[in-house]
Amino acid sequence: MISPALKRVVLAAGAVTTLVVAAWWASNRLYLAPASQKRAQITGLRQQVDRLRQQVAPQFEVRKRLETIARSGLSPQRDLAAHQMRTLLAQIGQASRLVDLKVTDLPARDAVSPAVRSFSGTAAATLRQKPDFVVLPGSLEGTGTLDQVLATLASLQSQPWVHRVEGFSLRPIGRRADRLALKAEVSSLLMPDLAPRDIPAPEVAPTPPAAEALWRPVALRELFKDPPVAQAPPPSQPAPDPAASPLAQWRLAGLVISEHGTEAIFAPVAGGAGLTVRQGESILNAKLVGGRLTEDGEVAVLDLNGERFEVRLGQTLAARPPAGG
Numbered sequence: 021m022i023s024p025a026l027k028r029v030v031l032a033a034g035a036v037t038t039l040v041v042a043a044w045w046a047s048n049r050l051y052l053a054p055a056s057q058k059r060a061q062i063t064g065l066r067q068q069v070d071r072l073r074q075q076v077a078p079q080f081e082v083r084k085r086l087e088t089i090a091r092s093g094l095s096p097q098r099d100l101a102a103h104q105m106r107t108l109l110a111q112i113g114q115a116s117r118l119v120d121l122k123v124t125d126l127p128a129r130d131a132v133s134p135a136v137r138s139f140s141g142t143a144a145a146t147l148r149q150k151p152d153f154v155v156l157p158g159s160l161e162g163t164g165t166l167d168q169v170l171a172t173l174a175s176l177q178s179q180p181w182v183h184r185v186e187g188f189s190l191r192p193i194g195r196r197a198d199r200l201a202l203k204a205e206v207s208s209l210l211m212p213d214l215a216p217r218d219i220p221a222p223e224v225a226p227t228p229p230a231a232e233a234l235w236r237p238v239a240l241r242e243l244f245k246d247p248p249v250a251q252a253p254p255p256s257q258p259a260p261d262p263a264a265s266p267l268a269q270w271r272l273a274g275l276v277i278s279e280h281g282t283e284a285i286f287a288p289v290a291g292g293a294g295l296t297v298r299q300g301e302s303i304l305n306a307k308l309v310g311g312r313l314t315e316d317g318e319v320a321v322l323d324l325n326g327e328r329f330e331v332r333l334g335q336t337l338a339a340r341p342p343a344g345g
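For the sequence shown, the residue numbers in my numbering are 21 to 345.
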């Protein structure tokens, strides 16, 4: 039989146990479990913040580069930028001693970043409605010697405000081809949102010595002048008169080989205006397929009725030595 004192001890122990369990349950429900959930949420948020920082960091770098371009370019005001471009292009042509100088600027146009065109969806459509920058085209035309026009092109490519040289053309003038007509097309980017208000007026930057070292040897080669014509040995047997062929009426007067392909300039033997033939185009059914450099100079490679042949500077199309021979 349990004594009354022992019963009181057992009842007291049970009450204490009940209170401890109740306290633990209340603590776990009201504090421990929510705190654990909060810690998990905080950890997840920190990871999201780190990922966002990694994604945003390159955007800040891109913005810094764009701000650098905006500070080194023309005025963000379109009218003032057009005036600056005409003035600077004229200064470049005058510094290269070109004559018959002509500079022009075309109306500026809004442009969207090419990267936006690859996006799809509603957000991309919204981005395409807002221009990212303004494109201001311009051109420079003039006449000069080969070294003068090459110096002009090198100067254009060295200007920080010329963001792209869209293209250029060289056309020999006269039978001696000692002067060339140059036309160069450039464009500049205007960024009104990024350019500072106190942007300094642009100036003509000097051409780096490394750029001059590239075009100077080309100018010394006098690509557009006819080389001395070597005397061919007399034929061992009578041959048909090549002058009777229309191919004999055109000679190779110039050849330009670049990463964009080959351009050949043919001049009529009897005198008159020349003809520029680009790679893939034809003259008298002879298609220009390329060109190459040899120890003796430049060689144009043509195809006539499936037969390839070579023509050197000064030779007529009637010479027709086999290609690679």
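We put the CB at the ideal spot given by N, CA and C, even for glycine. Computed from a predicted structure; not experimentally measured.
Hey, out of H183, D213 and V169, whose CA is closest to V192's CA?
What sits at residue 192 in the sequence shown is Pro, not Val. Answer by Cα proximity: V169.
Return the bridge partner residues of I277 from the DSSP annotation.
T282
DSSP beta-bridge partners of I303
A306
Which whole-angstrom value is the C-beta distance of A174 and V155, which I expect to be below 8 Å?
Actually they do not touch by this definition, with Cβ atoms about 23 Å apart.
Measuring CA to CA, which of V224, V276 and D213 is closest to R427?
Residue 427 lies beyond the stretch modelled for the chain, which goes from 21 to 345, so this question has no answer here.
Residue range of the beta strand (DSSP E) that includes S178:
Run containing S178: none; DSSP gives neither H nor E here.
When the Cα atoms are used, what is the spatial distance from S116 to R328?
40 Å
What first and last residue would you give for the beta strand (DSSP E) that runs through L94?
Neither: L94 is in no beta strand (DSSP E) and is coded neither H nor E.
Determine the extent of the alpha helix (DSSP H) in which A110 is found, giving its start and end residues.
R98 to A115
Evaluate D99 with the Cβ neighbour count: other Cβ atoms within 10 Å of its Cβ, from every protein chain shown; 16 or more gives buried, anything less gives exposed.
exposed
From this set, L126, G311, N305 and G164, which residue's C-alpha is nearest I112's C-alpha?
G164
Reduced DSSP secondary structure (H/G/I, E/B, other) of A221
coil
Would you list the residues sitting across from V154 in a DSSP beta bridge?
D130 and L210
Straight-line CA distance for G291 to E279?
31 Å
Whose C-beta lies closer than 8 Å to the C-beta of A343 among residues of the same chain, with five residues either side of it excluded?
V321, R328, F329 and E330
Measuring CA to CA, which of R332, N325 and I303 is closest to D316?
R332
Taking the alpha carbon of D213 as the point to measure from, which residue in P127, D152, Q61 and A284 has its own alpha carbon closest?
D152
Run the CB neighbour count on G300, radius 10 Å, all protein chains shown included, and call it buried at 16 or more, exposed below.
exposed
Take W181 and list the residues in its own chain whose beta-carbon comes closer than 6 Å to its own, dropping the five residues that flank it on each side.
G93, L94, S208 and P222
Anticipated Cβ contact below 8 Å, L126 with G158, distance rounded:
7 Å
Minimum C-alpha distance to G281 - residue among K307, G311, S302 and G294
G311
Beta strand (DSSP E) containing G187: first to last residue?
R184 to I193
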